[in-house]
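S.K.: Residue numbers (my numbering): 877 to 1061.
Okay, handing you the structure first.
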């Protein structure tokens, strides 16, 4: 599911920037330093965290009106770094600005607003984008891990990626009675 979400975002960004398919890639930003690869935008997954607000979901769901037992989904927040390396530094900055404008204009993506040319991934409900600020020290540490060179970049927190192991549902016993034992003192 993570790859499907990233691929959807990659195509949305490609269409918004008006660049070729090969100019937007899902890749470690380390390749910017290690290779003299083609110009473009790299989308790098730099961190994952669980959405703690949705951690306590029920283990019983209704499917076709019948209760079934299933492990609840895990909702993940993905931290994505968008790095820009075009031949012209000005083009990198322009595409950085246009990327920020995309996520400012469309803070979330859902099946309802997906285009025919880029269908929203099945199994996802909504992807919500929030700009993530980093201190100079944290930014320095991140780029040091990726090879030491600094490129124009921005980091967004992409919220609500649902991850669930697909397994057959197990029928649950319906609740037929509720008993309360009380002791008066």
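Ideal Cβ placement from N, Cα and C applies to all residues, glycine included.
Do the CB positions of residue 887 and residue 1016 come within less than 7 Å of each other?
M.R.: no
S.K.: Would residue 985 and residue 1003 be called neighbours here (beta carbons separated by less than 7 Å)?
M.R.: yes
S.K.: Excluding the 5 residues preceding and the 5 following residue 906 in the sequence, name in chain order all residues of the same chain whose CB lies nearer than 7 Å to its CB.
M.R.: These residues qualify, in order along the chain: 1022, 1023.
S.K.: Out of curiosity, what's the CA-to-CA distance linking residue 946 and residue 983?
M.R.: 31 Å
S.K.: Classify residue 1064: buried if its beta carbon has 16 or more other beta carbons within 10 angstroms, exposed otherwise.
M.R.: In the structure as shown, the chain starts at 877 and stops at 1061, and residue 1064 therefore has no counterpart that could be examined.
S.K.: Please determine, among 1061, 924, 1012, 893, the residue with the shortest C-alpha to C-alpha distance to residue 962.
M.R.: 893
S.K.: Give the secondary structure of residue 945 by DSSP, where H, G and I count as helix, E and B as strand, and everything else as coil.
M.R.: strand
S.K.: Starting from residue 884, follow the alpha helix (DSSP H) in both directions and report where the run begins and ends.
M.R.: 878-893
S.K.: Among all the DSSP beta bridges, which residues are the ones paired with residue 957?
M.R.: 920, 1031
S.K.: Per DSSP, residue 938 is paired with what?
M.R.: Looking at the DSSP assignment, residue 938 forms a beta bridge with 943.
S.K.: For residue 883 and residue 889, what's the separation of their Cα atoms in angstroms?
M.R.: 10 Å
S.K.: Identify which residue in 965, 964, 992, 1005 has its Cα closest to the Cα of residue 977.
M.R.: 1005
S.K.: Is it buried or exposed, residue 919, if we count other Cβ atoms within 10 angstroms and call 16 or more buried?
M.R.: buried
S.K.: Would you please state the rounded distance, in angstroms, between the beta carbons of residue 1001 and residue 1036? I believe it to be under 8 Å.
M.R.: 7 Å
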